[in-house]
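Notes for the one structure printed next.
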Amino acid sequence: MIIDFHACPSVDLSLIKNRLSLMKVTRVVLQPIDALPLFHVLPNDFFRKLSSEDPYSALLWSKFILRLTSMWSPRMYDNVKLWHEASHYGDFFISLASINPSLGIKYVYEKLNELEGLNVRGIVVSPTLQLFDPVSTRAFRAVLEYVEKNDMLLIMHLDPCPYNVNVCFKSLMPDILNEILERYSINLVLSALGISEGMAYPCLRE
7 MIIDFHACPS VDLSLIKNRL SLMKVTRVVL QPIDALPLFH VLPNDFFRKL SSEDPYSALL
67 WSKFILRLTS MWSPRMYDNV KLWHEASHYG DFFISLASIN PSLGIKYVYE KLNELEGLNV
127 RGIVVSPTLQ LFDPVSTRAF RAVLEYVEKN DMLLIMHLDP CPYNVNVCFK SLMPDILNEI
187 LERYSINLVL SALGISEGMA YPCLRE
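The opening residue of the sequence shown carries number 7 in our numbering; numbering runs sequentially from there.
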């Protein structure tokens with residue numbers, strides 16, 4: 007069995023299935039990311055801090071996120087839509103869910119409630135695209151508690167980032183992430199580490 011563990015459902019699922027089947031892939035884990043176009047203009051403590059500390063990096067980041075997310079299908083941030091579409095392909099796709107902690111505790115609870123009955127195996131978060139600090143964001147604790155309670159995977163997608171923008175990486179280094187593992191009994195998967203040098207080398211040194 008060959009499993010692709012990191013397929014982003016930003017394009018039609020039939021296209022993903024056809025192309026990966028040609029490479030003898032038999033199971034595909036879909037990793038969405040709940041990052042809406044223009045979400046970074048909403049009130050966001052992390053982005054406000056970034057803007058005050060490094061306006062240039064904040065500008066680069068916002069343009070990068072806007073360009074990336076504007077190309078995404080709604081199934082990237084609509085967990086119910088993704089699950090229902092994937093179910094049409096038998097057991098070829100394994101759907102994960104994604105929830106954006108930067109949008110607040112009420113939003114997170116609403117999205118968690120949507121997962122009931124969907125048999126989702128894990129939740130994907132992306133501090134670099136959703137712009138939140140994993141240690142200090144209160145809404146993220148609700149995700150951690152849910153993952154722990156339901157014995158699910160937590161996939162932390164750490165890239166992509168604008169090239170050479172390093173300002174947020176200090177909250178994503180191994181010693182900081184280890185604090186999460188000490189507080190919660192969860193299985194944490196780090197995904198997409200290494201696209202930018204500013205992320206990969208400091209992480210590898212630690």
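Note that CB positions come from ideal geometry on N, CA and C, so glycine has one too.
Subject >> T32 burial status per 10 Å Cβ neighbour count (16 or more: buried) >> reply: Translated into the one-based positions of the sequence shown, residue 32 becomes position 26. Label assigned to T32: exposed.
Original post:
How far does the alpha helix (DSSP H) with F70 in it reach, from first residue to last?
Top reply: Locating residue 70 in the sequence shown gives position 64, where the first residue counts as 1. It spans 61-75 - the alpha helix (DSSP H) in which F70 sits, taken as one unbroken run.
Subject >> 8 Å Cβ cutoff met for L36 and L135 >> reply: As a first step, residue 36 is located in the sequence shown; it is residue number 30 there, counting from the start. As a first step, residue 135 is located in the sequence shown; it is residue number 129 there, counting from the start. Not closer than 8 Å, so no.
Subject >> DSSP three-state assignment for R33, whether helix, strand or coil >> reply: Against the sequence shown, residue 33 aligns to sequence position 27. If DSSP states are grouped into helix, strand and coil, R33 belongs with the strands.
Original post:
Got a sec, what are the start and stop residues for the beta strand (DSSP E) N119 sits in?
Top reply: The residue given as residue 119 occupies position 113 in the sequence shown. Where N119 is concerned, there is no enclosing beta strand (DSSP E), although the alpha helix (DSSP H) it sits in stretches over 111-120.
Subject >> V126 beta carbon less than 8 Å from that of W89 >> reply: Taking the first residue of the sequence shown as position 1, residue 89 is located at position 83. Taking the first residue of the sequence shown as position 1, residue 126 is located at position 120. Yes, these two residues count as a Cβ contact at 8 Å.
Original post:
Between which two residues does the alpha helix (DSSP H) containing D181 stretch?
Top reply: Residue mapping note: residue 181 aligns to position 175 of the sequence shown, counting from 1. From DSSP, the alpha helix (DSSP H) with D181 extends over 180-189.
Original post:
By Cβ distance, which residues of its chain are closer than 6 Å to P180, with the 5 residues on each side in sequence left out?
Top reply: Reading the sequence shown from its first residue, position 174 is the one you call residue 180. Closer than 6 Å at the Cβ level, and outside the excluded window around P180, lie E212.
Subject >> Contact between the region 106-115 and the region 145-158 (3+ Cβ pairs under 8 Å) >> reply: Judged by Cβ distances under 8 Å, the region 106-115 makes contact with the region 145-158, as three or more pairs qualify.
Original post:
Under three-state DSSP, which class holds M162?
Top reply: Looking up residue 162 in the sequence shown gives position 156. In this structure, M162 counts as strand in the three-state DSSP scheme.
Original post:
For Y190, which residues of its own chain have a beta-carbon under 6 Å away from its beta-carbon, when the five flanking residues on both sides are left out?
Top reply: By 1-based counting over the sequence shown, the position of residue 190 is 184. Here Y190 has L150, E154 as same chain residues with Cβ atoms under 6 Å from its own Cβ, once five neighbours each way along the sequence are excluded.
Original post:
Got a sec? Which residues, its chain only, sit under 8 Å from I186 by beta carbon, not counting five neighbours each side?
Top reply: Along the sequence shown, read from residue 1 onward, the residue named residue 186 stands at position 180. If you ignore the 5 residues before and after I186, its C-beta comes within less than 8 Å of the C-beta of P140, V141, L150, I192, L194, all in its own chain and listed in chain order.
Original post:
Does the distance from the CB of L1 to the CB of D10 come in under 8 Å?
Top reply: With the chain covering only 7 through 212, there is no way to say anything about residue 1.
Subject >> Environment of I8 [buried if 16+ CB atoms lie within 10 Å] >> reply: The sequence position of residue 8 within the sequence shown is 2, counting from 1. It is exposed - the Cβ of I8 has fewer than 16 other Cβ atoms within 10 Å.
Subject >> Where V130 falls: helix, strand or coil (DSSP) >> reply: Here residue 130 corresponds to residue number 124 of the sequence shown, with the count starting at 1. Here V130 sits in strand by DSSP.
Subject >> Cβ-Cβ distance between I39 and M82 below 8 Å >> reply: Sequence index remark: in the sequence shown, residue 39 carries index 33 (1-based). Sequence index remark: in the sequence shown, residue 82 carries index 76 (1-based). Yes, they are a contact pair.
Original post:
What is the residue span of the beta strand (DSSP E) that H90 lies within?
Top reply: Here residue 90 refers to the residue found at position 84 of the sequence shown. For H90, there is no enclosing beta strand (DSSP E); the residue is part of the alpha helix (DSSP H) that begins and ends at 85-92.
Original post:
Among L121, L196, Y95, V114, which has the Cα closest to the Cα of V34?
Top reply: Locating residue 34 in the sequence shown gives position 28, where the first residue counts as 1. The residue with the shortest Cα to Cα distance from V34 is Y95.
Original post:
Relative to the alpha-carbon of N156, which residue among S76, E188, M162, L121 has its alpha-carbon at the smallest distance?
Top reply: Position 150 of the sequence shown holds residue 156. Of all alpha-carbon atoms in S76, E188, M162, L121, the one lying nearest the alpha-carbon of N156 is that of L121.
Original post:
Buried or exposed: S132, going by 16 or more other Cβ atoms within 10 Å of its Cβ?
Top reply: Translated into positions along the sequence shown, residue 132 becomes position 126. With 16 or more other Cβ atoms from the protein chains shown falling within 10 Å of its own Cβ, S132 counts as buried.
**OP:** Name, in chain order, the residues that DSSP records as bridge partners for S58.
**Re:** As a working mapping, residue 58 is identified with position 52 in the sequence shown. Bridge partners of S58: none, in fact.
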